[in-house]
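Heads up: the sequence shown begins at 516 in this note's numbering, then just goes up one per residue. Quick notes on the structure that follows.
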Amino acid sequence: MTQTPTDRDTPYFRWRSVTESIAGERILLATKPGVFSFGRVDPAAVLLAQHADVREGQVVVQLNCGSALFGAVAAQRATHVYLTDRHHVSVEAAQRTMQLNGINNADAMLGHGTFVLPAGLKADVVGIRIPHEKQALLQLLHDAFHMLKPGGGCYMAGANNEGVKPAQRTLAEIFGNANKLAEHSSHRVVVATKRSEAPATPDIFASPFLEGDAFMEVFATLRSEPLTVYSRPGVFSWEHPDEATTLLADHMVINAGESVLDLGCGSGALGVVAARLSNGGRVRLVDADIEAVRSSRGTIEVSGVTNCSVAISDVASAVIDEHFDVVVSNPPFHVGKATNLELPLQFIHDAWHVLNAGGRLYLVANRTLPYESMIQERFGNVHCVHDGVRFKVLSARKGADR
């Protein structure tokens, strides 16, 4: 497979292929750490691929596509398949899956829901692998309902502990019908048929945040200064300032003129605080979630800081050739509901890589997570600057000899 500029020689960045068999058809899936269900079979994706009824000549859309098993199967019969996902690494996985299987009638695009798809596009079938955040799921269902042709089918799959049962009830409230097709390993796939141009429950789409260009404004105080944060459903702590961000903002030391990287920036609150503290120093924000990047752009703009920019990135790939005096991070350790420590480990490795000699890392984490040993191994030192009931703030300095 062709190497991309983001490929680097660590286990996290090594792409693998796994094989799934759907109705006797062998499908190769591209995957790596950071992709949903890496290292295990996702029963929901399999159920969706097995039970969605896709016919010759139809237009198919898959939302929250991940490695796009359903999309690859659907492409065997559909005229065209459109795939979207909010996570940069998932879109790359979907693109690689299509390449592995020689599929040329599918397009994978970075975005949540149908916001990035061609205007006016109508689909015969929409498939959804449910996300974990309820409002983010409701946006996908909203988009699916409005995109489907009359008589079109919305197929949705997920796990019981991810909320697929209440999601099925929501599906019925929207479409007026929702039927379970199959269940396996505490996962199920359900289908609803579009029978009306209006949702069965009139106020089901009342939330303004179902539109892709609507942002919540969250008013916070960090380092004793007011801050307006823009956010979108599914971005970490999207409705309120979280304790971990507040703690990291309080304990990070940033001097005037220093360059700063906010690694995994979320809605951009820490990056803007860093930009204020650096007083003109170069500040970069990166995140793998395009909704986080879009939110951060709004947060930066409304703050008025001019020394701050944001980019989509798999860990620090977008800025790996830059260097910084300080890296701040609240690294994710879940992909879906599964804990995956390969992701924070790569955050630590990338932080070391981009830091100048003598540069400092400030990292906040749940106090039970074993990050001290990871940081010690890479940096040769680690210090706890805050040890709270729920969270700890760790720091490390990059030596000139490492």
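The beta-carbon is built from N, C-alpha and C at its ideal position, and this holds for glycine as well.
Helix, strand or coil at residue i [DSSP, three-state]
i: residue 924; result: The chain is shown from 516 up to 917; residue 924 falls before or after that span and cannot be answered.
i: residue 655; result: helix
i: residue 885; result: coil
i: residue 804; result: strand
i: residue 675; result: helix
i: residue 681; result: helix
i: residue 905; result: coil
i: residue 814; result: helix
i: residue 649; result: helix
i: residue 757; result: coil
i: residue 747; result: coil
i: residue 856; result: coil
i: residue 712; result: coil
i: residue 525; result: coil
i: residue 720; result: coil
CB contact flag (residue i, residue j, <8 Å)
i: residue 818; j: residue 742; result: yes
i: residue 573; j: residue 593; result: yes
i: residue 588; j: residue 643; result: no
i: residue 765; j: residue 799; result: no
i: residue 612; j: residue 562; result: no
i: residue 582; j: residue 545; result: yes
i: residue 685; j: residue 663; result: no
i: residue 839; j: residue 870; result: yes
i: residue 790; j: residue 822; result: yes
Buried versus exposed, by CB contacts within 10 Å (16 or more), residue i
i: residue 806; result: buried
i: residue 783; result: buried
i: residue 899; result: exposed
i: residue 585; result: buried
i: residue 978; result: Examination of residue 978 is not possible in this model, given that the chain is present from 516 through 917 alone.
i: residue 666; result: exposed
i: residue 768; result: exposed
i: residue 535; result: buried
i: residue 636; result: exposed
i: residue 788; result: buried
i: residue 855; result: buried
i: residue 866; result: buried
i: residue 550; result: buried
i: residue 883; result: exposed
i: residue 843; result: buried
i: residue 757; result: buried
i: residue 748; result: buried
i: residue 552; result: buried
Contact set for residue i: own chain, Cβ-Cβ below 6 Å, skip 5 residues either direction
i: residue 632; result: 597
i: residue 911; result: 876, 890, 894, 896, 897
i: residue 829; result: 521, 603, 604, 803
i: residue 660; result: 689
i: residue 846; result: 779, 859, 862
i: residue 601; result: 627, 804, 805, 806
i: residue 878; result: 844, 909
i: residue 566; result: 696, 697, 704
heavy atom of the ligand FMN below 7 Å from residue i C-beta
i: residue 808; result: Because no ligand of any kind appears in the structure shown, any question about the ligand FMN cannot be addressed here.
Cβ shell of residue i (< 8 Å), same chain only, five flanking positions each side left out
i: residue 709; result: 660, 663, 664, 665, 666, 667, 668, 669, 690
i: residue 723; result: 729
Other residues of its chain near residue i: CB distance less than 7 Å, five sequence neighbours each side excluded
i: residue 569; result: 575, 589, 592, 593, 640
i: residue 699; result: 558, 562
i: residue 719; result: 688, 689
At least 3 beta-carbon pairs within less than 8 Å: the segment 759 to 777 vs the segment 661 to 679 | no
Counting Cβ pairs, one atom from each stretch, are 3 or more of them under 8 Å apart for the segment 692 to 706 and the segment 721 to 734?
-> no
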